[in-house]
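Numbering (the working numbering), first residue to last: 2 to 756.
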Amino acid sequence: MRRRPRLVSLAPVAVLLALAVSALARGDVVTMKDGRVYRGAVDERDGVVTITLSDRFYRVAKAQVDEIVKESAAASMDWRFVGQPINALDPDRKVKGKLDPVTKFVSTTGLGADGRHTRVVIDPKLGQVEVELAITTLTPSVYTVEGVNYDTRWSYDTASLGSGMVETLLGRVAPTDDPRAQLEVANFLRLAGFPHAADRRLGTVSAGGDVEQAQIDAERAAIGAALTERAQAEARLALRRDDIDGAIRALDGLGDRATDEASAELARIRAERDRRLETRAWVETAAAALDAGILEARLERLAKGLPLPASARIHAAFGEGFDAAAEAGKDATALARRMLLVGRYGDVIPEADLARPDMVARLAEVERWVADYLGTADRKEERELLKKIGKTKGIPLATWAAFARRARRPAPEVDIALVVDRPLKSRVTDHYLMLLPPSYHEAREWPLVVTIHGQTSRAESQPQIWQRESFRRGYILIAPEYQRSKTNFPRYRFSHDEHRAVLEAIEDVCRDFPVDPDRIYLVGHSMGGHMTYDVGLSHPTRFARLGPFIGCPFGVVDPYLDNAGNLPIYCIEGENDGDATNRNRAGTAYCQKAGMDVTYVEYPNRGHEAFSEEFDDLFDWLDLGTRDAFPKKLSIASGRASDDDFYWLRLESWGKGGSSLKGEKSHGADLPSLAWADAEIEDNEVRIKGKGIQKLTVFFAPGMVDFDETVRITVNGKVRWKGKLDPSPVHMLEQVKERGDRGLPFVASQSVKAR
Numbered sequence: 002m003r004r005r006p007r008l009v010s011l012a013p014v015a016v017l018l019a020l021a022v023s024a025l026a027r028g029d030v031v032t033m034k035d036g037r038v039y040r041g042a043v044d045e046r047d048g049v050v051t052i053t054l055s056d057r058f059y060r061v062a063k064a065q066v067d068e069i070v071k072e073s074a075a076a077s078m079d080w081r082f083v084g085q086p087i088n089a090l091d092p093d094r095k096v097k098g099k100l101d102p103v104t105k106f107v108s109t110t111g112l113g114a115d116g117r118h119t120r121v122v123i124d125p126k127l128g129q130v131e132v133e134l135a136i137t138t139l140t141p142s143v144y145t146v147e148g149v150n151y152d153t154r155w156s157y158d159t160a161s162l163g164s165g166m167v168e169t170l171l172g173r174v175a176p177t178d179d180p181r182a183q184l185e186v187a188n189f190l191r192l193a194g195f196p197h198a199a200d201r202r203l204g205t206v207s208a209g210g211d212v213e214q215a216q217i218d219a220e221r222a223a224i225g226a227a228l229t230e231r232a233q234a235e236a237r238l239a240l241r242r243d244d245i246d247g248a249i250r251a252l253d254g255l256g257d258r259a260t261d262e263a264s265a266e267l268a269r270i271r272a273e274r275d276r277r278l279e280t281r282a283w284v285e286t287a288a289a290a291l292d293a294g295i296l297e298a299r300l301e302r303l304a305k306g307l308p309l310p311a312s313a314r315i316h317a318a319f320g321e322g323f324d325a326a327a328e329a330g331k332d333a334t335a336l337a338r339r340m341l342l343v344g345r346y347g348d349v350i351p352e353a354d355l356a357r358p359d360m361v362a363r364l365a366e367v368e369r370w371v372a373d374y375l376g377t378a379d380r381k382e383e384r385e386l387l388k389k390i391g392k393t394k395g396i397p398l399a400t401w402a403a404f405a406r407r408a409r410r411p412a413p414e415v416d417i418a419l420v421v422d423r424p425l426k427s428r429v430t431d432h433y434l435m436l437l438p439p440s441y442h443e444a445r446e447w448p449l450v451v452t453i454h455g456q457t458s459r460a461e462s463q464p465q466i467w468q469r470e471s472f473r474r475g476y477i478l479i480a481p482e483y484q485r486s487k488t489n490f491p492r493y494r495f496s497h498d499e500h501r502a503v504l505e506a507i508e509d510v511c512r513d514f515p516v517d518p519d520r521i522y523l524v525g526h527s528m529g530g531h532m533t534y535d536v537g538l539s540h541p542t543r544f545a546r547l548g549p550f551i552g553c554p555f556g557v558v559d560p561y562l563d564n565a566g567n568l569p570i571y572c573i574e575g576e577n578d579g580d581a582t583n584r585n586r587a588g589t590a591y592c593q594k595a596g597m598d599v600t601y602v603e604y605p606n607r608g609h610e611a612f613s614e615e616f617d618d619l620f621d622w623l624d625l626g627t628r629d630a631f632p633k634k635l636s637i638a639s640g641r642a643s644d645d646d647f648y649w650l651r652l653e654s655w656g657k658g659g660s661s662l663k664g665e666k667s668h669g670a671d672l673p674s675l676a677w678a679d680a681e682i683e684d685n686e687v688r689i690k691g692k693g694i695q696k697l698t699v700f701f702a703p704g705m706v707d708f709d710e711t712v713r714i715t716v717n718g719k720v721r722w723k724g725k726l727d728p729s730p731v732h733m734l735e736q737v738k739e740r741g742d743r744g745l746p747f748v749a750s751q752s753v754k755a756r
């Protein structure tokens with residue numbers, strides 16, 4: 002792997018605030034390949050894009066502020082407080098360890114003395130991107146940098162600084178009786194991303210002296226625009242969680258500051274809420290008209306949640322005619338069945354089928370069979386249900402796939418927004434932890450984030466770490482305990498059993514709860530980051546994106562990087578993390594050269610740390626990603642028999658002739674050979690080229706090929722099979738249950754010899 006040269010700082014921090022202000026005025030924007038948008042001063046030279054951020058990434062300059070303000074609009078302010086040694090915050094406390102003579106407040110972050118860090122993003126579309134940041138916070142803790150403890154009352158990391166702390170700091174340097182200083186504080190708070198605090202501060206400023214009313218009005222308008230942008234962002238986030246009331250509260254709080262656009266959006270959302278309440282009343286009426294039974298229970302659960310898509314479909318299908326039909330004495334059961342199918346499958350089931358009472362009754366029965374089959378562990382019941390399903394004709398494959406994805410038995414009662422300890426019947430581990438978001442209900446699919454703990458922690462530590470973002474974004478969270486060990490800090494062994502602990506936890510939560518199978522994300526810290534790479538690249542089909550924090554691809558993982566071709570990765574690392582930094586740089590460079598979607602974030606002068614400040618950006622990135630479950634092209638590698646499923650291709654048996662792969666015996670992961678394959682589907686032909694494989698199986702889902710035409714499978718240039726496939730819902734349900742993945746409706750498969 003070729004190591005890409007590191008980037009260096011490009012601009013003095015002395016002009017950072019001025020650049021931020023000018024960037025806001027210019028409104029320069031860079032859109033990354035993954036959809037992330039950076040706003041700020043943008044400069045491109047020699048293929049390197051430099052962005053000085055000015056949006057929410059810019060909080061407050063912490064070091065050398067006395068120099069920064071000399072070249073900014075705040076030059077008239079007295080900033081004596083900033084720039085003192087860190088223990089000046091609490092003179093009674095002493096700093097342990099050696100401090101650089103020029104160290105300022107940011108010394109304990111490991112940032113440069115200029116008060117910034119640089120995040121280096123390597124992106125296939127833009128190439129190298131260097132982004133300058135000025136982000137810091139104060140947290141009460143003991144902080145360790147490169148083995149030196151800074152035992153102070155306040156230590157620094159690079160998370161966002163709370164508005165209360167910002168105001169406290171600024172209050173020490175800005176005279177309260179100076180309108181000019183207070184106006185600058187309001188301006189600074191707005192730029193720092195705290196429009197509400199800026200609005201409060203501006204309320205204390207009156208025209209007089211060298212402050213004109215026009216300046217106050219201009220700042221008030223700028224704050225109003227910032228408040229509107231924040232409210233609209235919060236409303237969009239609430240709607241992603243199906244929280245209509247939360248969206249209304251966010252926009253309604255603008256009051257008379259609301260723009261015409263915000264007012265129109267508020268009116269639209271209120272109309273949506275009224276429609277949803279009307280639709281909910283219809284569903285509740287339909288449920289009440291039924292005799293007790295599973296159909297009534299499903300309708301009641303639908304009414305409680307009633308996500309926006311289901312509400313829209315039900316409202317469009319029934320309109321004002323529901324009450325009239327009910328009063329006319331039409332069959333309540335038939336109406337209820339149709340309403341349930343419209344709400345859950347109206348986007349998939351043909352409208353003509355939903356208009357036929359006999360077809361509605363049949364579909365409702367088949368949906369129950371599928372839910373029972375996927376939910377039972379009784380082999381006899383499985384066989385009986387598959388026999389019924391096999392005899393069922395006339396239902397499109399797309400409808401069967403929708404049933405396989407969404408039909409499930411009622412979920413067990415669990416506490417929402419509280420950590421739930423879920424038992425596992427596994428020889429690997431006995432439990433995992435689960436956290437449902439406050440907005441959870443059963444009537445929609447939810448994204449899932451799987452977090453892997455590091456060596457110095459256990460699963461119990463993870464919910465608290467990730468709770469804020471999982472709640473705010475509307476994610477189900479699980480934390481698998483991947484070792485049944487009596488040791489407090491067991492070491493990851495790169496083993497199949499540890500993989501199974503994670504995968505079985507995912508299968509368990511997906512069986513009982515409505516998880517979106519195309520939005521499952523794996524993240525981990527430290528040793529959990531190593532495991533994120535290993536589990537994710539060994540089983541890439543399972544995940545939509547990977548987020549390893551200070552973990553790296555080493556040992557058996559390194560040659561698995563080819564498996565990231567359809568699996569985006571967001572890697573966070575510190576410059577001073579030893580060999581892990583070098584491995585991540587090399588791995589990222591390799592993936593970038595191969596055209597893979599890998600984002601690498603490196604913090605200069607920092608080491609093996611939590612980097613919790615990346616959580617917000619990470620979840621922004623996760624929000625953008627869904628799994629491509631049926632990619633047209635695959636490039637895969639495997640050295641373990643348990644790493645055999647790759648999207649629509651399964652390696653059935655290994656043989657001689659694979660590439661040499663030397664594992665690291667110290668991690669219990671020595672692999673003698675590596676099997677690899679490149680595969681693609683085009684024009685009803687599957688073409689595979691590979692080594693080290695004796696037999697493989699190709700799986701087919703609706704849309705991958707034309708089942709009415711002949712399909713060919715060639716391996717290393719030789720036709721190994723040619724014929725017509727016989728798609729079957731029974732085959733699909735067996736595969737869904739075997740894999741524990743409701744998002745892979747493989748209706749046919751064909752095994753061939755590879756040599």
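We put the CB at the ideal spot given by N, CA and C, even for glycine.
Check: With 16 other Cβ atoms within 10 Å as the buried cut-off, status of residue 527; Outcome: buried
Check: Reduced DSSP category for residue 715 - H, G, I as helix; E, B as strand; rest coil; Outcome: strand
Check: Meets three-Cβ-pair contact criterion under 8 Å: the stretch 300-320 and the stretch 258-265; Outcome: no
Check: Distance between beta carbons of residue 235 and residue 259, contact taken as under 8 Å; Outcome: Not quite, the Cβ-Cβ distance comes to about 13 Å (not below 8 Å), so this is no contact.
Check: Spatial neighbours of residue 399 in its chain, beta-carbon cut-off 7 Å, leaving aside the 5 residues before and after; Outcome: 349 and 703
Check: CB-CB length for residue 680 against residue 689, believed under 8 Å; Outcome: 4 Å
Check: Any non-hydrogen atom of the ligand NAP closer than 7 Å to residue 392 Cβ; Outcome: Among the components of this structure there are no ligands whatsoever, and the ligand NAP is therefore not found.
Check: Closest Cα partner of residue 622 within the set 409, 599, 555 and 723; Outcome: 599
Check: Inter-residue Cα distance where the pair is residue 617 and residue 186; Outcome: 26 Å
Check: C-alpha gap between residue 441 and residue 299, whole angstroms; Outcome: 16 Å
Check: Residue 151 versus residue 587: straight-line alpha-carbon distance, rounded; Outcome: Low per-residue confidence applies at residue 151: pLDDT is 29, beneath 50, and the placement is therefore not dependable, though the value from the model is reported in the following sentence. Whole-angstrom Cα-Cα distance: 32 Å.
Check: In DSSP terms, what residue 497 is bridged to; Outcome: Paired residue(s): none; residue 497 is not in a bridge.
Check: Segment limits, alpha helix (DSSP H) that includes residue 435; Outcome: From DSSP, residue 435 is part of no alpha helix (DSSP H) but of the beta strand (DSSP E) over 432-436.
Check: Alpha-carbon spacing of residue 476 relative to residue 437, whole angstroms; Outcome: 7 Å
Check: Backbone secondary structure at residue 1 - three-state DSSP; Outcome: This structure cannot speak to residue 1, because the chain is shown only from 2 to 756.
Check: Pairwise C-alpha distance: residue 191 and residue 176; Outcome: 19 Å
Check: Length-filtered (4 minimum) alpha helix (DSSP H) runs lying within the stretch 224-305; Outcome: 245-253 and 261-289
Check: Spatial distance of residue 697 from residue 577 (CA atoms); Outcome: 44 Å
Check: Every unbroken beta strand (DSSP E) within the stretch 538-592, with a cutoff of 3 residues, ordered by chain; Outcome: 546-550 and 570-575
Check: Pairwise C-alpha distance: residue 468 and residue 601; Outcome: 24 Å
Check: Whole-angstrom distance between residue 430 and residue 288, CA atom to CA atom; Outcome: 41 Å
Check: Contact check, residue 547 vs residue 573, beta carbons under 8 Å; Outcome: no
Check: DSSP three-state assignment for residue 521, whether helix, strand or coil; Outcome: strand
Check: Beta-carbon proximity check, residue 700 vs residue 649, cutoff 8 Å; Outcome: yes
Check: Separation of residue 320 from residue 247, as counted between CA atoms; Outcome: 26 Å
Check: Residue 367 versus residue 449 - alpha carbon distance; Outcome: 28 Å
Check: Collapsed DSSP secondary structure at residue 681 in the structure displayed; Outcome: strand
Check: Within 8 Å, strictly: CB atoms of residue 503 and residue 534; Outcome: no
Check: Cβ-Cβ distance between residue 217 and residue 184 below 8 Å; Outcome: yes
Check: Three-way DSSP call (helix, strand, coil) for residue 443 in this model; Outcome: coil
Check: Runs of alpha helix (DSSP H) lying entirely within the stretch 358-415, each at least 4 residues, in chain order; Outcome: 358-376, 380-392 and 398-407
Check: Identity of the residues DSSP links to residue 749 by a beta bridge; Outcome: 701
Check: Per DSSP, cross-strand counterpart(s) of residue 647; Outcome: 650
Check: 8 Å Cβ cutoff met for residue 545 and residue 519; Outcome: yes
Check: Environment of residue 482 [buried if 16+ CB atoms lie within 10 Å]; Outcome: buried
Check: Contacts around residue 498, its chain only, beta-carbon distance under 7 Å, and the 5 residues preceding and following it disregarded; Outcome: 429
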